[in-house]
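Only one structure is covered here, and it is reproduced in the block below.
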Amino acid sequence: MKRPLLLIPAIVFTVMVVLLAVGLNLNPREVPSPLIGKPVPGFELSRLKDPQATLGSADLTGRVSLFNVWATWCVSCRAEHKLLMALAETGEVDIYGLNYKDDRDAALRWLQVYGDPYVANAFDDDGRVGIDWGVYGTPETFVIDGEGVIRHKVIGPLSADIVNERILPLVRQLNSRG
Amino acid sequence: MTPELGQFALILALCLAVVQATLPLIGTYTGSRQWMSVASTAAWGQFTFLSISLGCLIYAFVNNDFSVTYVANNSNTLLPTIYKVSAVWGAHEGSLLLWVFMLGAWGVAVAALSGKLPAVVRARVLSVMGMVGVGFLLFLLLTSNPFERLFPAPLEGRDLNPLLQDPGLAIHPPMLYMGYVGFSVAFSFALAALLGGKLDAAWARWSRPWTTVAWVSLTIGITLGSWWAYNELGWGGWWFWDPVENASFMPWLVGTALVHSLAVTEKRGAFKSWTVLLAITAFSMSLLGTFLVRSGVLTSVHAFATDPGRGIFILAFLCIVIGGSLVVYAWRAPAVTGGGRFDFVSRETLLLANNVLLVIVAALILLGTLFPLIYDALELGKISVGFPWFNKMFVSFMPLLIVVMGIGPIARWKRQDPAELAKHLRIAFIVSLLVGIVFALPMLPGASPLAGLGIGLAAWLVTSLATSLADRLRHKRGLAAVWRDITVQGRSYYGMVLAHLGMASAVVGVTLVSLHGMEKDVRLSPGQALEMSGYTFVFEGVESHQGPNYRADRGRVRVLRADEEIALLQPEKRTYTVQTKPMTEAAIDVRPTRDLYVSLGEPVGGGDWSVRVYYKPFVRWIWLGGILMALGGLLAVSDRRYRLPARSRHGVEAGTSPAGQEATG
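Given below as structure tokens:
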């Protein structure tokens, strides 16, 4: 066999390594939501704290807001809860919640124990509304502008970096425009 | 105290691995026998310390030592003891420790069983294995220390992922790792041969049993994994083309090619350079699999804790091991080429075809697995390559492979008269064609062209194996003579027959379950019944039930056939107390020709449940195929000739090799 031919495996491998090195810096879990740039899906659910009242898509228009999908059975939701509390305290943005496939009593206890950063929560008992929002794992957080259009989606728990570098700048930009 | 002991043992193992990697290799160049003989002592020492380390981790798990982060994250006081032990390899750090332990075990096995090898070869092989060990031990100690302490220690652990609380999962990873790591032996033999520039039939005979044992372990590991997924995931599927599954399947395919290519190198001295490349590739695929699983570059249902730091480490390690060995290959391979000549129609050509097909399939799976990554890296967007692509690829190449598999064992080495071959296989061909046509006939219920193709190919495998066996029974008079003919064949021949029959079994299973499997997803009220494939499933409602570390809703489904009850299935939906993750535990009624599979979905109100019912014809045949292949491999390894000293080799070969037989007969 000719020597140059024997180099082929090494060359193929080099190409692959470059590719994998690039791949390491990408996040495969970051799937762009088809909902971005679209109005929030229509829904109307009973509120968590006040089952008689409802929370719906109409409540999410008019002001820039965050829409946070969470549940008491979700460990990562607990991880991001402190950040949500801190964010709510700044008063920079309204946070609405979707309590997803949860138990009402457990959820109320959670808010009592860990604090309630939400303006209001919709209680999505059977996860129907979650399906319309394309929720495939909790927590998920959507940024919604004043016209009720979804601008951004974070899958997985929020971190200080995500809040400071992605969410807050976007919220400020949307606020200054509207 | 014990965790620290475990960690010190790991560090000592690393030191010994460094010794094992360097001194013997230097010794082979300076010609110092003493330096070379350090190899096996170091291998034993390394293995001893790795055993201590693994023992310490098991001890920490069994005794609920939650001051160890890894234990706190993956165990719980309520976890049954068997799962406390298997939880040791339930997540990244521990499974890596198991991996290194296996590597140490293989090293010791080589040191103990290679007494007949020339000292230089043995030193080189062990030294290459030492290098691999250094890499993995560094990875373990620097990025994934299983003994890291947690302060303050929690009172209770976070429990093992409920998905992994299954007997199949207790043995699946060790088998799989045995296979992955086992290819490191073939790899080390290949590199030793390249370094020494000496690659002959003896080399191939040394590598063969090691490669086959690794291949057998991988086969069992994959089979168990598939069986576990079927039992535990509640989707009724047995293969998902998930990146992690592909990561185990690619080394298997390449390993299969290697097993066959080694046969040619041993018997005919041909394909040397190619065999070496395959040995390097098989192990590289195992390492690449590790990288894909642990680095988080791909999404997968196998949610391992991923960490880019680890990814960079493994990538660097890949560069050194694979890149380095491929460079050595390009540099040294010209020294090992040459070998027996053969005609276009010969067993060599057929085995080459088998190799090429297996490698093509492996390459396409690699491409499919990496495609989302390529797409993303080139900023073309996000895509996923799913079932249809892989299935189409597989269905296009496997039939070719099976056709070749039928002819290969019958053809002669070196030169085969095509007309004679055709005459030999005439009956087998006609029979399998007829079988294929019967299963393709449109008037038969459930028949289709694809079923005809699949069953026809399986028939082809069986009939051609029967032809091969009949060919070998030359004395057709008298039972005693036939018996003598049967017993004179070497175990490696029967190993081949068994493994190929396993393939036939898997083909039947895959064909029938893919084409005729039924699946229904329905809402059932208590007392309501569902008809499927001639079976009646009566849903009798759901009751609560308490397990050791979970709470379960247990459904009762009575299965009737022609008004006669044949089974009571009790699928469960479990909620584990600590991880509060809902788990479906399917209930399966097993018969050789079909499985009835019921799993509970969600409660939909008023005592109604969504229930999934599957009819899976011949699904067991897939795993039976895996078992047969593994048994075939074991039978081949137990062949006498691997245990005989090299000098009597010719005498042995005449008794076992088909070429020798046909030449004398």
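One line per chain: the protein sequences are S and P, in this order.
Residue 77 in the numbering used here sits at position 77 of the first sequence; the count goes up by one each step and never skips.
Residue 306 in the numbering used here sits at position 128 of the second sequence; the count goes up by one each step and never skips.
Each residue gets a CB set at the ideal place from its N, CA and C atoms; glycine is no exception.
The alpha carbon of P324/P has as its nearest neighbour, out of R302/P, V278/P, F361/P, the alpha carbon of V278/P. Contact between Y100/S and W70/S holds: their C-beta atoms lie close to 7 Å from each other, under 8 Å.
With a threshold of 8 Å between beta carbons, L7/S makes contact with chain P.
In this structure G205/P does not touch T762/P by the C-beta definition: roughly 57 Å separates them, more than the 8 Å allowed. S46/S: member of the beta strand (DSSP E) spanning 44 to 46, first to last residue. Among the residues facing chain S, I498/P is not included, as its CB has no counterpart in that chain under 8 Å away.
For Y237/P, the CB contacts under 6 Å within the same chain, skipping 5 residues up- and downstream, are T180 in chain order.
Its chain contains F244, L328, A331, P332, G335, R336 as the residues whose beta carbon lies nearer than 8 Å to that of A250/P, once the 5 sequence neighbours on both sides are disregarded; these appear in chain order. Y118/S is the residue among V75/S, R78/S, Y118/S whose C-alpha sits nearest the C-alpha of E92/S. For I588/P, the CB contacts under 8 Å within the same chain, skipping 5 residues up- and downstream, are L599, H602, L603, S642, T645, S646, D649 in chain order. For P760/P, the enclosing beta strand (DSSP E) has its first and last residue at 760 to 763.
According to the DSSP assignment, G719/P belongs to the beta strand (DSSP E) that extends over 713 to 724. Not a single CB atom of chain S sits nearer than 8 Å to the CB of Y728/P. For S692/P, the closest C-alpha among the options R772/P, G489/P, I230/P is that of R772/P. Contact between L304/P and V288/P holds: CB atoms are separated by about 6 Å, below the 8 Å threshold.
The three-state secondary structure of V797/P, taken from DSSP, is coil. As DSSP reads the structure, K153/S sits in a beta bridge with F142/S. For F427/P, the uninterrupted alpha helix (DSSP H) segment begins and ends at 421 to 446. Only buried fits M463/P, as 16 or more other CB atoms lie within 10 angstroms of its CB. DSSP links V69/S through a beta bridge to L98/S, E140/S. Only those residues of the segment 98 to 115 of chain S whose C-beta falls short of 8 Å from the nearest C-beta of chain P would be listed, and there are none. Comparing alpha carbon positions, the residue from R798/P, S229/P, S610/P, F491/P closest to L319/P is F491/P.
Every candidate alpha helix (DSSP H) stretch fails here, since none sits fully inside the segment 730 to 762 of chain P while reaching 4 residues. The segment 661 to 679 of chain P and the segment 805 to 821 of chain P touch, with three or more beta-carbon pairs separated by less than 8 Å. Burial state of D50/S is exposed, judged by a 10 Å Cβ sphere holding fewer than 16 other Cβ atoms. Looking at the backbone, the Cα of A364/P and that of S711/P are separated by about 48 Å. Close to A508/P, with beta-carbon spacing below 8 Å, are these residues of chain S in chain order: R3, L6, L7, P9, A10.
Against chain P, the beta carbon of F123/S has no neighbour under 8 Å; the closest one sits roughly 16 Å away.
The alpha-carbon of D595/P is positioned some 31 Å away from that of Y820/P.
In the structure shown, the three-state DSSP call for G783/P is strand. By the neighbour-count criterion, in which 16 or more other beta carbons inside 10 Å mark a residue as buried, L369/P falls on the buried side.
Identification of residues in the segment 526 to 546 of chain P having a C-beta nearer than 9 Å to some C-beta of chain S yields L544, given in sequence order. Around the Cβ of K38/S, a 10 Å sphere holds fewer than 16 other Cβ atoms; the residue is exposed. With at least 16 other beta carbons inside 10 angstroms of its own, D59/S counts as buried.
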